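Using full-length UniProt numbering, you'd call the opening residue of the sequence shown number 1 and step up by one each time.
Have a look at the structure below, then the notes.
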Amino acid sequence: MIKGKKVLLFCILSVVIYIVFIHNISRKPFQAQLRLKGNNKRIDIVELRRHQLQITKENDLIERDVPRYLLNYRNPCWLETIHSAGVYIDNPYLSLTENTQKEMIRLTVKWGKLLSKTNSSTKPKRLRCLPYVYVAGMPKSGTTDFYRRLNVHPDIVKGQRKEPHWWTRMRFIELKRTNHSSINIYIDLFDGAAEKIEVDKSHSKITSDSSASTLWDNDFWRSFPGNANLDEPELLNAHYIHHFTPDIKIIVLLRNPIERLFSDYLYFGKLNKSVENFHERVVDTIALYENCFKNETLRKCAYDSKLGLLSGVRLRIGLYWVYLKDWFRIFPVKNFLIIRSEDYKRCVLCVFKKVFRFLGLKKLDKVKERTLISLPPANTRKDATRNIGPIMNETYALLQKFYQPHNEELVKLLNRTAFNWSDDTLD
């Protein structure tokens with residue numbers, strides 16, 4: 001028995017050494033590929049398209065059985081047998097941040113200790129969880145600030161990353177790299193949260209995914225079985241999320257699309273920024289989309305990833321109603337909480353009282369409320385761009401003309417006039 005434990009400890013040590021040293025060295029080129037922000041994201045997507053990604057029916061997640069969720073847990077969680085301590089050894093998220101690496105090493109040691117205490121016929125189990133809450137969008141609409149304050153609630157526990165972007169991006173990068181993409185890579189990110197959910201006697205704690213790309217980014221829809229020869233997608237990322245977790249809660253922050261676009265331009269990429277350059281890009285991009293609208297359906301243009309890559313600004317993200325309408329076909333409308341970013345900025349606590357009611361969570365005590373309110377704003381404008389702006393009147397008028405009919409469609413869809421952004425009144 002002692003000899004067996006020594007062998008197991010040696011194996012654990014080997015895994016840790018691999019993670020800390022060999023894994024980091026071998027992953028460096030791939031790590032650069034995973035930086036999916038701004039202009040870098042364009043290069044990665046173009047590179048992926050050259051490989052003509054295609055998900056086979058055998059690899060299609062929709063064909064996979066759903067775990068048997070534990071009924072006494074609020075969050076979708078299940079028990080899974082531990083076969084090896086080195087479960088994270090090939091996880092691409094491992095080398096992205098030091099915190100993720102430390103957490104996966106800690107859990108590797110924990111699983112090894114559990115294995116050392118049991119014999120081969122009775123393998124130990126670990127709790128595995130998927131998110132109960134998705135803060136699904138939109139970029140530059142306050143999602144990072146929202147996520148930080150959301151986690152002040154004692155019944156919400158964080159995963160290892162605020163924005164895994166797994167459903168929209170990472171699984172396709174892995175498909176290119178290995179010809180296989182396992183959802184276990186994604187689930188691994190919630191193992192630390194699962195520990196906290198499990199030890200809570202009431203099992204009422206929940207965890208979240210706050211990838212701001214979830215609602216709108218379907219750039220790889222042609223890789224899904226049945227979509228390849230279509231003009232616009234039938235199968236979307238939302239269908240895959242629904243397959244595994246049909247009862248999730250979805251929170252969406254929507255900002256005035258004009259302000260969102262300018263903020264997006266200033267934040268992402270390393271170009272020399274100016275209001276004049278922004279104007280030129282807006283003019284060119286609007287022309288691209290208006291030409292597309294003349295010849296194709298609006299939905300086809302919204303999901304046209306090649307058109308998105310040609311665009312100088314991410315204009316398509318502001319077509320909110322197109323994406324929400326698709327999600328409403330897949331999930332019940334009651335599962336959504338749609339928040340105007342302007343209302344959130346005006347009264348953070350007012351919004352979070354609605355959020356916690358929506359999630360079925362208890363009210364915060366006064367101490368936690370003060371903590372939530374006192375957190376400094378997150379992801380504010382970078383120093384290098386603080387002196388740029390405001391948007392030129394001519395640019396604003398062009399964008400207002402472009403977005404106005406889409407805002408009106410959003411008002412109809414949500415039955416809330418404040419989403420017209422015609423003035424800045426409270427919703």
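Glycine residues also receive a C-beta, built at the ideal position from the N, C-alpha and C atoms.
If you're wondering where the values come from, they're calculated on a predicted model, not measured in any experiment.
For residue i, report the span of its beta strand (DSSP E) as first-last.
i: residue 81; result: 77-81
Would a C-beta distance cut-off of 8 Å place residue i and residue j closer than the cut-off?
i: residue 261; j: residue 314; result: yes
i: residue 245; j: residue 139; result: no
i: residue 161; j: residue 93; result: yes
i: residue 411; j: residue 339; result: no
i: residue 96; j: residue 172; result: no
i: residue 59; j: residue 180; result: yes
i: residue 210; j: residue 143; result: yes
i: residue 239; j: residue 330; result: yes
i: residue 126; j: residue 187; result: no
i: residue 107; j: residue 192; result: yes
i: residue 371; j: residue 152; result: yes
i: residue 311; j: residue 254; result: no
i: residue 344; j: residue 190; result: no
i: residue 358; j: residue 337; result: yes
i: residue 226; j: residue 232; result: no
i: residue 398; j: residue 317; result: no
i: residue 282; j: residue 395; result: yes
i: residue 81; j: residue 123; result: yes
i: residue 212; j: residue 163; result: yes
i: residue 183; j: residue 61; result: yes
Tell me, to the nearest whole angstrom, how far the beta carbon of residue i is from that of residue j; I am working on the premise that it is less than 8 Å.
i: residue 420; j: residue 408; result: 6 Å
i: residue 248; j: residue 132; result: 6 Å
i: residue 208; j: residue 241; result: Between residue 241 and residue 208 the Cβ distance is about 13 Å, and since that is not below 8 Å, they are no contact.
i: residue 303; j: residue 382; result: Actually they do not touch by this definition, with Cβ atoms about 30 Å apart.
i: residue 322; j: residue 298; result: 7 Å
i: residue 388; j: residue 275; result: 6 Å
Identify every residue that forms a DSSP beta bridge with residue i.
i: residue 137; result: 252
i: residue 337; result: 251
The alpha helix (DSSP H) with residue i in it runs from where to where?
i: residue 343; result: 341-346
i: residue 196; result: 191-199
i: residue 143; result: 143-150
i: residue 279; result: 275-295
i: residue 104; result: 98-116
i: residue 176; result: 171-178
i: residue 261; result: 257-267
i: residue 242; result: 237-244
i: residue 231; result: Note, residue 231: premise wrong, no alpha helix (DSSP H); not H, not E.
i: residue 300; result: 298-302
Give the secondary structure of residue i by DSSP, where H, G and I count as helix, E and B as strand, and everything else as coil.
i: residue 209; result: strand
i: residue 125; result: strand
i: residue 157; result: strand
i: residue 515; result: This structure cannot settle anything about residue 515, because the visible part of the chain is limited to 1 through 427.
i: residue 184; result: helix
i: residue 22; result: A caution first: residue 22 carries a pLDDT of 43, below 50, which makes its placement in the model unreliable, though a value can still be read off. Here residue 22 sits in helix by DSSP.
i: residue 55; result: coil
i: residue 84; result: coil
i: residue 378; result: coil
i: residue 311; result: coil
i: residue 63; result: helix
i: residue 50; result: Because the pLDDT at residue 50 is just 43, under 50, the model does not fix this residue reliably, and the value given afterwards should be weighed accordingly. Residue 50 falls in the helix class under three-state DSSP.
i: residue 202; result: coil
i: residue 92; result: helix
i: residue 316; result: helix
i: residue 73; result: coil
i: residue 363; result: coil
i: residue 388; result: coil
i: residue 217; result: coil
i: residue 421; result: coil
i: residue 270; result: coil
i: residue 357; result: helix
i: residue 393; result: helix
i: residue 163; result: coil
i: residue 305; result: helix
i: residue 323; result: helix
i: residue 370; result: helix
i: residue 68; result: coil
i: residue 130; result: coil
i: residue 416; result: coil
i: residue 331; result: coil
Quick one: does residue i have its CB under 8 Å from some CB of chain B?
i: residue 66; result: Of the protein chains in the structure, only one exists, and it is not chain B.
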